[in-house]
Amino acid sequence: MISLPIDDALFNYRVAGVAILNGKVLLHKTPSDNFWSLPGGRAELFEFSKDTLVREMEEETGMNVQVGEMLWVSENFFRYNDKKHHEIGFYFKMNIPDLTSQDDFLGAEGQEELLFKWIDVNELTTVPVYPEFLAEELARNPLETKHFTSDFRDLDAM
């Protein structure tokens, strides 16, 4: 996985999928987190980003997905579990052709449980979703291709 510790920080290369159906977007979180994010994960060395998303969704949910066009690129600096992170994220449209229900369900990342939930895009401003640009962008119709930066130079203040 492309996740490199550098001094007291971590660099991640992450790929995530945007699945919107019936006005709801698929999000996930760990039981200990107090925020939601789009499903996906870290790329492996010499793995194309679209292949990363297919692999991560299969590993975490058992679902086969179809990856569409890239929507967003995000350069994100943040603190998570008391560690500074520098993350490059690619966000793709994602279709789940064999989806039979939009009920909540459990998945897993290794030994860690993941809760998956379909949340109405118009309610995203009432729940914490990261990176922060997602709530506004997911409510757009149609979605627009963009590049985002989140520049928190003074991470100690976070």
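Here the sequence shown stands for residues 1 to 158, where the numbers follow full-length UniProt numbering.
All residues carry an ideal CB built from backbone N, CA and C; glycine is no exception.
A quick note: this is a predicted structure, and the numbers were derived from the prediction, not measured.
Query: Beta carbon of Thr149 nearer than 8 Å to that of Glu87; Result: no
Query: Cβ-based burial, Tyr91 [other Cβ within 10 Å; buried from 16]; Result: buried
Query: Per-residue DSSP class, three states only, for Glu87; Result: strand
Query: Cβ-based burial, Lys29 [other Cβ within 10 Å; buried from 16]; Result: buried
Query: The stretch 106-116 in contact with the stretch 56-63 per 3-pair CB rule at 8 Å; Result: yes
Query: Whether Ser37 touches Ala43 by CB criterion (8 Å); Result: no
Query: Endpoints, the alpha helix (DSSP H) within which Asp51 is located; Result: Ser49 to Thr61
Query: Helix, strand or coil at Leu99 [DSSP, three-state]; Result: coil
Query: Status (buried if at least 16 other CB within 10 Å, exposed otherwise) for Met94; Result: buried
Query: Distance CB(Leu27)-CB(Ile119) smaller than 8 Å; Result: yes
Query: Straight-line Cα distance separating Ser101 from Leu143; Result: 23 Å
Query: Cβ neighbour criterion (16 or more within 10 Å) applied to Thr52; Result: buried
Query: Alpha carbon of Arg14 to alpha carbon of Gly89, nearest angstrom; Result: 5 Å
Query: Coarse secondary structure for Asn64, derived from DSSP in three states; Result: coil
Query: Cα-Cα separation between Gln66 and Arg140, rounded to whole angstroms; Result: 21 Å
Query: Reduced DSSP category for Thr149 - H, G, I as helix; E, B as strand; rest coil; Result: strand
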